[in-house]
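In what follows, a single structure is set out as structure tokens and then discussed.
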Amino acid sequence: DARVTQTPRHKVTEMGQEVTMRCQPILGHNTVFWYRQTMMQGLELLAYFRNRAPLDDSGMPKDRFSAEMPDATLATLKIQPSEPRDSAVYFCASALGTGNEKLFFGSGTQLSVL
Amino acid sequence: QKEVEQDPGPLSVPEGAIVSLNCTYSNSAFQYFMWYRQYSRKGPELLMYTYSSGNKEDGRFTAQVDKSSKYISLFIRDSQPSDSATYLCATQAGTALIFGKGTTLSVSS
């Protein structure tokens, strides 16, 4: 059963600490997305990659957020330093990259920054 | 104005009711429209996918797109308690999807 795997599922940290979230896309999918979900804003696109190259990261606060794909089976989203306003659910999604994108989402990382 | 607007609800209906969920979008260039369903503490999952205008039916679910009015609808017939979830409409802008905020539906038995 192919699925997107995200770790950790939950993260509680203190303001100023570094947070790293990981995502394993579905095998064979070459496009990976990072979304953030809050009650106020809904699902917001942070960044996405195709064939491991970043295509768009305009949704990310550049001073504290960074996204990478060290290899085709791993995507990471890092926040340093974290702030309380970063508290949200962070979702990774992957797609085949055919152009008509059907996204498959992971279960998310629930982040709480105290 | 956000590119995709969706009434957040919540919407509560009895089992067996017909449910209508709606979104509007702003950019007439959008061609692909989707509905995702999200259960509590889970990621969104694709429910329906349509291209351009018209209707698409899948079991108890019907997706409808009216490009002239920039209106997207999802109809659920014979609603079941298992349909209780948040429903998000989405449209494709380039490669990435733009989502509405979601409508929370509760179906009581």
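So the protein sequences, as listed, match chains A and B.
Be aware that the first sequence starts at 87, since it is given in our numbering, and climbs by one per residue.
Be aware that the second sequence starts at 832, since it is given in our numbering, and climbs by one per residue.
C-beta atoms are modelled at their ideal positions from N, C-alpha and C, and glycine is treated no differently.
query	result
Rounding to the nearest angstrom, what Cα-Cα distance links residue 137 of chain A and residue 843 of chain B in this structure?	43 Å
Is the stretch 893 to 905 of chain B touching the stretch 849 to 862 of chain B in the sense that three or more CB pairs, one from each, lie closer than 8 Å?	yes
Kindly say whether residue 117 of chain A, judged by its beta-carbon, lies nearer than 8 Å to any beta-carbon of chain B.	yes
Taking Cβ-Cβ distances below 8 Å as the criterion, which residues of the stretch 139 to 150 of chain A are in contact with chain B?	141, 142
Closer than 8 Å between beta carbons: that is the criterion. Which residues of the stretch 885 to 905 of chain B meet it against chain A?	none
Using C-beta distances below 6 Å, list every residue in its chain close to residue 940 of chain B, excluding the 5 sequence neighbours before and after it, in chain order.	846, 912
If you drop the 5 nearest sequence neighbours on each side, which residues of the same chain put their C-beta closer than 7 Å to that of residue 174 of chain A?	122, 123, 124, 197
For residue 138 of chain A, which of helix, strand or coil comes out of DSSP?	coil
Taking the continuous beta strand (DSSP E) assigned at residue 885 of chain B, which residues delimit it?	885 to 889
Enumerate in chain order the residues of its own chain whose CB-to-CB distance from residue 169 of chain A is below 7 Å, with the five nearest sequence positions on each side excluded.	101, 199
Step through the CB atoms of chain A and report whether any lies within less than 8 Å of the CB of residue 876 of chain B.	yes
Taking 6 Å as the limit between beta carbons, can you name the residues of its chain near residue 896 of chain B, skipping five residues before and five after?	864, 881, 884, 903
Taking C-beta pairs closer than 7 Å, name the residues in chain D that residue 135 of chain A reaches, listed in chain order.	Chain labels in this structure do not include chain D; the protein chains are A and B.
In angstroms, rounded to a whole number, what distance separates the CA positions of residue 105 of chain A and residue 166 of chain A?	7 Å
Going by C-alpha to C-alpha distance, which of A:184, A:178, A:135, A:128 sits closest to residue 94 of chain A?	A:178
Which residue's Cα is closest to the Cα of residue 120 of chain A: A:184, A:160, A:126?	A:160
Just checking residue 167 of chain A against the ligand NAP - is the residue's beta carbon closer than 7 Å to any of the ligand's heavy atoms?	In the structure shown, the ligand NAP is absent, as is every other ligand, since no ligand is present at all.
Which of helix, strand or coil does DSSP assign to residue 838 of chain B?	coil
Can you give me the C-alpha to C-alpha distance between residue 937 of chain B and residue 155 of chain A, rounded to a whole angstrom?	38 Å
What residues in its chain sit with their C-beta under 6 Å from that of residue 172 of chain A, if we drop five residues either side in the sequence?	165, 199
Taking the beta strand (DSSP E) that residue 936 of chain B belongs to, which residues open and close that run?	934 to 939
Starting from residue 898 of chain B, follow the beta strand (DSSP E) in both directions and report where the run begins and ends.	Per DSSP, residue 898 of chain B belongs to no beta strand (DSSP E) and is neither H nor E.
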